[in-house]
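> Heads up: the sequence shown begins at 196 in this note's numbering, then just goes up one per residue. Every residue gets a Cβ at the ideal spot worked out from N, C-alpha and C, and that includes glycine.
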Amino acid sequence: MNHKRTQKLYTIAVVAVMSALSAVLMYIQIGIPFVPSFLKFDFSELPALMTAFAISPWAGIIVSLAKNVLHLFATTTMGVGELSNFLMSASFVFFAGLIYHKMKSRKGALIGSAVGTLVSALVSFPVNYFITYPVFFVIFAPKEIILDAYHMLIPAIDSLPKALLIVNMPLTAVKGIACAAITFLIYKPLSPILKGKWLKKS
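#1: Would you give the residue range spanned by the alpha helix (DSSP H) that V230 belongs to?
#2: Is it buried or exposed for V333, if we count other Cβ within 10 angstroms and need 16 for buried?
#3: Report buried or exposed for L342, applying the criterion of at least 16 other Cβ atoms within 10 angstroms of its Cβ.
#4: Bridge partners for F236 per DSSP, in chain order?
#5: Beta-carbon within less than 6 Å of A358's beta-carbon, same chain only, minus the 5 sequence neighbours each way: which residues are those?
#6: Is the beta carbon of G307 less than 8 Å from the beta carbon of F287?
#7: Which two residues bound the contiguous alpha helix (DSSP H) that contains P337?
#8: Beta-carbon within less than 7 Å of S239's beta-carbon, same chain only, minus the 5 sequence neighbours each way: which residues are those?
#9: Would you check if the region 269 to 281 and the region 226 to 233 touch, i.e. whether three or more CB-CB distances between them fall below 8 Å?
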């Protein structure tokens, strides 16, 4: 088997493993103090971001897609939550990975992560407004009850746009920052494994 074929198969295996890891992390959701209970935090973007850095932005998107497809087996949102998560996750890892591959340095990773986080936070507004919450209002609770939960947190919130702008967008940004920070700590030692550099020595 030639080296290129071996490298290709190894890359596919890495994407598969990172997809599985991302799916597992998506099941481990952390409640956030003081915010409405339906807002959860997880680190499922971490493997997708590392894959985007190590292989390509498109590989990161595949991980984001795969984790959400796997999560459909336990969905409580008729797939809408997974669709929303994919759109925000994909926008995060794609732009982060795209910039990093143009500037392969710590500075590039930092700028890429910052841009990816910003884009993901911006994308979260229309995704939540037009996709997520219209369904949530039907299958979970009426709009008034959900807005009351936000209003109890911050009295100034009296509409869905305000809730998304004041609470959801910052939480999306915090999630991106957290995943980027962990990636900065663990990416360098794991990078040779993810890229399959050891194959060149064998």
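According to the structure shown:
#1: Reading the sequence shown from its first residue, position 35 is the one you call residue 230. That residue, V230, is in no alpha helix (DSSP H); it is neither H nor E in DSSP.
#2: Within the sequence shown, the letter at position 138 stands for residue 333. Counting Cβ neighbours within 10 Å, V333 comes out exposed, since fewer than 16 surround it.
#3: Reading the sequence shown from its first residue, position 147 is the one you call residue 342. Label assigned to L342: buried.
#4: Locating residue 236 in the sequence shown gives position 41, counting from the first residue. Bridge partners of F236: I225.
#5: Along the sequence shown, read from residue 1 onward, the residue named residue 358 stands at position 163. Correct list, in chain order: Y345 and I352.
#6: Counted from its first residue, the sequence shown places residue 307 at position 112. Counted from its first residue, the sequence shown places residue 287 at position 92. Not in contact: G307 and F287 (Cβ atoms no closer than 8 Å).
#7: Position 142 of the sequence shown holds residue 337. That residue, P337, is in no alpha helix (DSSP H); it is neither H nor E in DSSP.
#8: Taking the sequence shown and counting its residues from 1, one reaches residue 239 at position 44. Around S239: S217, L220, M221 and K262.
#9: no
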